[in-house]
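Chemist: Structure provided below as structure tokens; questions to follow.
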Amino acid sequence: MINDEYGIYIHVPFCVKKCGYCDFYSVSDLDKIPIYIQSVVKEIGMAGNVSETADSIYFGGGTPSLLDSSQIRQVLDAAFRKFDVSPLAEITLEVNPGTVSYEKLSGYRQAGVNRLNIGVQSFSDVTLAFLSRIHSADQAIQAIQSSRSAGFDNIGLDLIFGLPGQKKHHWLSDLQAAVDLHPEHLSCYMLTYETGTPLTSDLKKSRFRALPEGAVGMLYDAAVGYLADNGLPQYEVSNFSTSNATRSRHNQKYWTHAPYIGFGPSAHSFTNNRRSWNVRSIDAYLEQLLAGKTPTDGFEELDRHQLMMETIYLRLRCVDGIDISVFEERFDADFNAMFGSAIIASQNDGFLKIMNGRCRLTRRGLLFSDSVAGRFIDHI
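The opening position of the sequence shown corresponds to residue 348 in this note's numbering, with each subsequent residue numbered one higher.
Below, the structure written as structure tokens:
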């Protein structure tokens, strides 16, 4: 049973071409899209009944914008038939600028999508080529402008920083280009070198040098300051928005242990302290559903210790931090008694402050959120 408003996640695993830095599950066999749509609709129909209301639906990928508006509508219709979806639900579609036109975007809006997350990554064609993106800077700008013309008034942009050789003025140029387009939301992700990706392979072959950690930190700090000065204050380590209302409602569920249900290959669900996940392979996913079986690949029940660790890790990433009284009630624990030494050490480093009943990281502390969380987790 779900006791709170929940989110619905739809994983769309298709990509024209995999980006060099990406380790998310994706395939390039676009001929499978029609049978994939049928299978997702079937999986939604097979889901258990939920009495509470869904207030967010998120199409992630992969490249969801490879689907046409009629396919998006089919999936949304299935979700609305099966679940009690709020008429005010946030319905987000991830968009690759190289896959959309005004007509396609207008179709998404008419299908019920009311929020776009556009994977710009950079406004530099040189950087986009390094990242193996399929779009140009001009296409990114055009996609954003076309989204506005199509009726979208809630648009988020993704940018990547910390690239080899990147200087502060390069990064500020990207940020200024983004701000000039007046997005409601901006996500700034540090480039990471994931195992098995082409970019990591090139790094190991010394084809380029990773940007030093100190330089990455300088770029991060520059973004936090610049965006705050331009109406996009930070609310999570990587996320900035014009207001509380334009924060990503769906992604906040991940950071607060709110329930969500996932559909599609490799999609995860979290309900009642239970995490489950679907088979990763598109072929296995299609075969399971064709046989009338749910495509679940595994699950785990999170105990008190695991939930406490995840709460510390996830909440310290958020500017709002940890509500101490809520934490103590949820876990029947004395926060200060448990974490006193971690609090003092982090305060002495200038990473943390206790204010108005909340434990939150400072601007500098957010850059080291994983390390600070580790100090706390050592005392659980």
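Quick reminder that beta carbons are idealized off the backbone N, C-alpha and C, glycines included.
Name, in chain order, the residues that DSSP records as bridge partners for S625.
Modeler: The residue you call residue 625 lines up with position 278 of the sequence shown. At residue 625 the sequence reads Asn, which differs from the Ser that was named. DSSP output for N625 lists T643 as bridge partner(s).
Chemist: Could you compute how far the alpha carbon of P511 sits from the alpha carbon of G721?
Modeler: Along the sequence shown, read from residue 1 onward, the residue named residue 511 stands at position 164. Along the sequence shown, read from residue 1 onward, the residue named residue 721 stands at position 374. Taking the straight line from one Cα to the other gives about 28 Å.
Chemist: Which residue from I669, T589, T410, I724 puts its Cα closest to that of L440?
Modeler: As a position in the sequence shown, residue 440 is number 93, starting the count at 1. Minimum Cα distance to L440 is reached at T410.
Chemist: When DSSP labels each residue in this structure, what does T658 get in the three-state scheme?
Modeler: Along the sequence shown, one-based indexing puts residue 658 at 311. Note: T658 maps to helix in three-state DSSP.
Chemist: Should N591 be labelled buried (16 or more other beta-carbon atoms within 10 Å of its own) or exposed?
Modeler: On the sequence shown, residue 591 is found 244 positions in, with the first residue counted as 1. By the 10 Å Cβ count, N591 comes out exposed.
Chemist: Can the beta-carbon of I608 be found closer than 8 Å to that of Y405?
Modeler: The residue you call residue 608 lines up with position 261 of the sequence shown. The residue you call residue 405 lines up with position 58 of the sequence shown. No.
Chemist: Give me the residue from L538, R594, T593 with the minimum Cα distance to Y567.
Modeler: Counting from 1 along the sequence shown, the entry for residue 567 is found at position 220. The residue with the shortest Cα to Cα distance from Y567 is L538.
Chemist: Buried or exposed: which applies to V396, given that a residue is buried once 16 or more other Cβ atoms fall within 10 Å of its Cβ?
Modeler: Here residue 396 corresponds to residue number 49 of the sequence shown, with the count starting at 1. Per the sequence shown, residue 396 should be read as Asn rather than Val. Under this definition N396 is an exposed residue.
Chemist: Helix, strand or coil: which one does DSSP assign to N501?
Modeler: Taking the sequence shown and counting its residues from 1, one reaches residue 501 at position 154. If DSSP states are grouped into helix, strand and coil, N501 belongs with coil.
Chemist: Looking only at its own chain, which residues have a Cβ that is under 6 Å from the Cβ of A524, when we skip the five neighbours before and after it?
Modeler: For the purposes of this step, residue 524 is taken as residue 177 along the sequence shown, with counting starting at 1. Counting only Cβ-Cβ distances below 6 Å, and skipping sequence neighbours, we find F470.
Chemist: How many angstroms separate the CA atom of V473 from the CA atom of A614?
Modeler: For the purposes of this step, residue 473 is taken as residue 126 along the sequence shown, with counting starting at 1. For the purposes of this step, residue 614 is taken as residue 267 along the sequence shown, with counting starting at 1. Whole-angstrom Cα-Cα distance: 33 Å.
Chemist: Does the beta-carbon distance from I491 to I465 come in below 8 Å?
Modeler: Within the sequence shown, the letter at position 144 stands for residue 491. Within the sequence shown, the letter at position 118 stands for residue 465. Annotated as proximal: I491 and I465, with beta-carbon spacing under 8 Å.
Chemist: What are the residues that DSSP puts in a beta bridge with G564?
Modeler: For the purposes of this step, residue 564 is identified with residue 217 of the sequence shown, where counting begins at 1. DSSP lists no partner for G564.
Chemist: Can you tell which of I382, C362, Q581 has its C-alpha closest to the C-alpha of Y632?
Modeler: For the purposes of this step, residue 632 is taken as residue 285 along the sequence shown, with counting starting at 1. Cα-wise, what sits closest to Y632 is I382.
Chemist: Evaluate the contact criterion for the region 693-709 versus the region 657-673: three or more CB pairs, one atom per stretch, below 8 Å.
Modeler: yes
Chemist: Note down the Cα distance separating V460 from L414, rounded to an integer number of angstroms.
Modeler: Translated into the one-based positions of the sequence shown, residue 460 becomes position 113. Translated into the one-based positions of the sequence shown, residue 414 becomes position 67. Each residue's Cα considered, the two are about 13 Å apart.
Chemist: Take the Cβ of S558 as the centre, count every other Cβ of all protein chains shown within 10 Å, and call the residue buried at 16 or more, exposed below.
Modeler: Position 211 of the sequence shown, counted from the first residue, corresponds to residue 558. According to the sequence shown, residue 558 is Leu rather than Ser. Around the beta carbon of L558, a 10 Å sphere encloses 16 or more other beta carbons of the protein chains shown; the residue is thus reported as buried.
Chemist: Based on Cα-Cα distance, which residue from R462, A497, S496 lies nearest to L533?
Modeler: Position 186 of the sequence shown, counting from 1, holds the residue named residue 533. It is R462.
Chemist: Going by DSSP in three states, R710 sits in which element: helix, strand or coil?
Modeler: In the sequence shown, residue 710 corresponds to position 363, counting from 1. If DSSP states are grouped into helix, strand and coil, R710 belongs with the helices.
Chemist: Mind the definition here: the region 656-665 touches the region 593-610 only if three or more C-beta pairs lie below 8 Å; say whether that holds.
Modeler: Contact annotation: the region 656-665 touches the region 593-610, with at least three C-beta pairs closer than 8 Å.
Chemist: How long is the line joining the alpha carbons of N598 and H358, rounded to whole angstroms?
Modeler: As a working mapping, residue 598 is identified with position 251 in the sequence shown. As a working mapping, residue 358 is identified with position 11 in the sequence shown. When rounded, the distance between both Cα atoms is 14 Å.
Chemist: Using the Cα positions of M348 and F430, report the straight-line distance between them to the nearest angstrom.
Modeler: In the sequence shown, counting from the first residue as 1, residue 348 sits at position 1. In the sequence shown, counting from the first residue as 1, residue 430 sits at position 83. Interpretation of M348 is limited by its pLDDT of 49, a score under 50 that renders its predicted location unreliable; the figure taken from the coordinates is listed afterwards. Distance between the alpha carbons of M348 and F430 is about 13 Å.
Chemist: If we call anything under 8 Å between Cβ atoms a contact, is G503 one with S595?
Modeler: Within the sequence shown, residue 503 is the residue found at index 156, counting from 1. Within the sequence shown, residue 595 is the residue found at index 248, counting from 1. Against a cut-off of 8 Å, the Cβ pair of S595 and G503 comes out as a contact.
Chemist: Taking the alpha helix (DSSP H) that N292 belongs to, which residues open and close that run?
Modeler: No information on residue 292 is available, as it lies outside the stretch 348 to 727 that the chain covers here.
Chemist: Taking N620 as the reference, which of P642, D650, L637 has the closest Cα?
Modeler: The residue labelled residue 620 in the question sits at position 273 within the sequence shown. If we check each option's Cα against that of N620, D650 comes out closest.
Chemist: Out of L699, M702, L654, G697, state which residue places its alpha-carbon closest to the alpha-carbon of A680.
Modeler: To locate residue 680, count along the sequence shown from 1; it is residue 333. Nearest option by C-alpha distance: L654.
Chemist: Leaving out the 5 sequence neighbours to the left and right, which residues in its chain are closer than 6 Å to K389 when beta-carbon positions are compared?
Modeler: Position 42 of the sequence shown, counted from the first residue, corresponds to residue 389. So the list reads L636, once near-sequence residues are dropped.
Chemist: Which of the three DSSP states, helix, strand or coil, is assigned to N443?
Modeler: Here residue 443 is taken as the residue at index 96 of the sequence shown, counted from 1. It is coil, neither helix nor strand.
Chemist: For D725, which of A689, F715, N703, F698 has the nearest alpha-carbon?
Modeler: Position 378 of the sequence shown, counted from the first residue, corresponds to residue 725. Considering only alpha carbons, the answer is A689.
Chemist: Give me the Cα-Cα distance between R554 and D376, rounded to the nearest whole angstrom.
Modeler: Position 207 of the sequence shown, counted from the start, is the residue given in the question as residue 554. Position 29 of the sequence shown, counted from the start, is the residue given in the question as residue 376. Cα-Cα distance, rounded: 30 Å.
Chemist: Which ranges would you report for the alpha helix (DSSP H) in the region 571-618 if only whole runs of at least 4 residues count?
Modeler: 596-603
Chemist: Is H482 helix, strand or coil when you go by DSSP?
Modeler: Position 135 of the sequence shown holds residue 482. DSSP places H482 in coil when its eight states are reduced to three.
Chemist: Do G445 and Q486 count as a contact pair if the criterion is CB distance below 8 Å?
Modeler: Against the sequence shown, residue 486 aligns to sequence position 139. Against the sequence shown, residue 445 aligns to sequence position 98. The answer is yes: Cβ separation under 8 Å.
Chemist: Thinking C-alpha only, which one of G611, Q468, L528 is nearest I380?
Modeler: By one-based count along the sequence shown, residue 380 stands at place 33. With distances taken between CA atoms, I380 lies nearest to G611 out of G611, Q468, L528.
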